[in-house]
Structure formats: structure tokens, C-alpha cells
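Undergrad:
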Amino acid sequence: MEMSITVATTVLPHEDARRVVESVQSLFPQWIIENIPEQHEYPSMRKPVRLVGEAESLDLVIEGAAKQRILDTALDAMTLELVGDSTSFSLSRQAAFANKVSFVVEERPIGGVMDVTLTGTDLELWIEQETWHDGRHYVP
6 MEMSITVATT VLPHEDARRV VESVQSLFPQ WIIENIPEQH EYPSMRKPVR LVGEAESLDL
66 VIEGAAKQRI LDTALDAMTL ELVGDSTSFS LSRQAAFANK VSFVVEERPI GGVMDVTLTG
126 TDLELWIEQE TWHDGRHYVP
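Residue numbers for the sequence shown follow the working numbering, beginning at 6 and rising by one.
Written out as C-alpha cells, the structure is:
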């Protein structure tokens, strides 16, 4: 299935933009940002900056969720806002920096979030197939 993956995050004035980009790229290595904000001395007068880019795949997110045994959580979080052939969900940047996958469902955690938007045909079926595991055979 051909899918569009957009990943966005906000760099706050107190954050090191390069570390933020590094965190996002730990799950989306192909995510390229052209204009990374410069680091300023404290106190920074820089305003929050929204970084938006395209990613090629969700492979590391799905692999991480499988390794952490949270594929059901991935299915739930990734389809919570599914409308037609589009969905969006958030991932913790702080967890990603530690090479972990953590879906953010309600409150915004310390360390910021990555907002991921997926668009593609039969997206719900694709997400279900990607997050499938044998344990679902035993759950009613």
C-alpha cells in the first residue's frame, strides 16, 4: 500500500533543536529537516518552532512496538483518530531518544511529542495487519 507519512514536532525555546531532530530520527531515520533552528544561550528569545517533514516508513515504530510487546496499544493509538483513509497519533520524543516507542494518548509528556499523520488507501486494514500478533487468536 502506498502511504503518506508526515511527522511534525515543536521545538520549544529551551530545547536543543538538534537533539529534538535526533530523537525524531531515532524512529524515522529518513525524516529530513532543512532549517534546524540554532541553539541560543539562555534565556532564549526564540519562539517555538514547528518542524514538519515526510517519513518513508513506520518500520522502526512497528518493530519497536513488537519488541516491547505493545502491538495492541499501537493498534488502538494509531486508529483512535482514524477517519476514512487518514489517521494521526502522537509518540513521545523522550522515549524515542531512549530507542523506545511510547504512544501519547492524552496528556503531553515532559520531553515533547511527535505528531504522526498517515494517509493511504485501506489504512485501517493496513494498521491491523502491521500490528497483528498471534495472541489475538486467543482473545474474544
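All residues carry an ideal CB built from backbone N, CA and C; glycine is no exception.
Can you give me the Cβ contacts of T84 inside the same chain, cut-off strictly under 7 Å, excluding the 5 residues immediately before and after it?
TA: Only T92, E129, I132 meet the Cβ criterion.
Undergrad: Name the residue from E59, A71, I115 whose alpha carbon lies nearest to the alpha carbon of Q99.
TA: The shortest C-alpha separation from Q99 is found at I115.
Undergrad: Three or more C-beta pairs closer than 8 Å, one from the region 62 to 77 and one from the region 26 to 45: is that the case here?
TA: Result yes; three or more Cβ-Cβ pairs closer than 8 Å.
Undergrad: State yes or no: is the C-beta of F108 within less than 7 Å of the C-beta of A82?
TA: Going by C-beta atoms, F108 is nearer than 7 Å to A82.
Undergrad: Using 8 Å for Cβ pairs, my map puts L56 next to V16. What's the rounded Cβ distance?
TA: That belief holds up - the Cβ atoms of L56 and V16 are roughly 6 Å apart, short of 8 Å.
Undergrad: Which residue wins for smallest C-alpha separation from V106, given the options V25, G125, R74, W137?
TA: Looking at the Cα atoms, R74 is the closest of the given residues.
Undergrad: Output the distance between the C-alpha atoms of R141 and G69, rounded to the nearest integer angstrom.
TA: Their Cα atoms are separated by approximately 18 Å.
Undergrad: Relative to the C-alpha of S9, which candidate in Y143, E61, D120 has its C-alpha closest?
TA: Taking only the C-alpha atoms, the option nearest S9 is E61.
Undergrad: Bridge partners of T122, per DSSP?
TA: Bridge partners of T122: T11, S93.
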